[in-house]
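Novice: Starting off with a structure, shown below.
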Ligand SMILES: *Cc1c(COP(=O)(O)O)cnc(C)c1O
């Protein structure tokens, strides 16, 4: 399926007016699709797999801001550390520590989001409220892995009340984070639930299938 440019321009208009950053999730999609959206003006792209991200990064324009949105294993941080713009799914202190180490090796500060587990599904990753409140005071120990906010995924459900309450939980925890340090970014909302996420205070949405079509 082809890139839906009219949908893209419509989403841009909506998100610009609300000061929400659109991350175009291009996982599993070919270089040509990314190029098309790039030519339409998109610069923030999200990928879930390290190998795929590295292959695409090497072939595409250098001013693309690459977001790593998948589950990241510590032993793979080194491959993306030289260029990644924002790592969304930091779900352990040991991962944060490794990002800090690899960022320093590359003379960089890498921006990160801590992932909170807000969904009912066990399969989703992330830290719970207790783990987060224990980690917040330790963040200054990792100056090169700069935590700029939080990320979460709501339950994959038709139940809008449930999804709304999960996003509200994340938004409240984002407020708590800001009692420890300044934090700008609240990454929540995907193709199926972004309007609810924005209502709940999201300022970064990660959208794939609405732009690129369903993944096979
Ligand atoms: C795949 C993915 C998305 C995009 O999902 P769509 O439903 O296609 O918009 C967003 N966030 C994460 C973490 C993903 O893995």
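Numbering (this note's numbering), first residue to last: 1 to 216.
By construction, the Cβ of each residue, glycine as well, lies at the ideal position given by its N, Cα and C atoms.
Keep in mind it's a predicted model, so treat the numbers as computed, not measured.
Under the criterion of a Cβ to heavy atom distance below 7 angstroms, does residue 65 qualify as lining ligand 1?
Specialist: False, no ligand heavy atom lies under 7 angstroms from that Cβ.
Novice: Any heavy atom of ligand 1 closer than 7 angstroms to the CB of residue 209?
Specialist: Yes.
Novice: Going residue by residue through the segment 101 to 133, where are the continuous beta strand (DSSP E) segments of at least 3 residues, counting only ones entirely within it?
Specialist: Entirely contained in the segment 101 to 133, the beta strand (DSSP E) runs reaching 3 residues are, in chain order, 110 to 116.
Novice: Run the proximity test for residue 97: is its beta-carbon closer than 7 angstroms to any non-hydrogen atom belonging to ligand 1?
Specialist: No, the beta carbon of residue 97 sits no closer than 7 angstroms to any heavy atom of ligand 1.
Novice: Taking 8 angstroms as the threshold (C-beta atoms), are residue 154 and residue 183 in contact?
Specialist: Cβ distance not < 8 angstroms, so residue 183 and residue 154 don't count as in contact.
Novice: What's the gap between the Cα of residue 213 and the Cα of residue 4?
Specialist: Taking the straight line from one Cα to the other gives about 7 angstroms.
Novice: My assumption, with CB atoms under 8 angstroms, is that residue 69 sits in contact with residue 206. Please give the rounded CB distance.
Specialist: Yes, residue 69 and residue 206 are in contact; Cβ-Cβ is about 6 angstroms, under 8 angstroms.
Novice: Need the endpoints of the beta strand (DSSP E) that residue 207 sits in, please.
Specialist: Note, residue 207: beta strand (DSSP E), 204 to 207.
Novice: Using a Cβ-based criterion (distance less than 7 angstroms to any ligand heavy atom), does residue 69 qualify as near ligand 1?
Specialist: Answer for residue 69: yes, Cβ within range of ligand 1.
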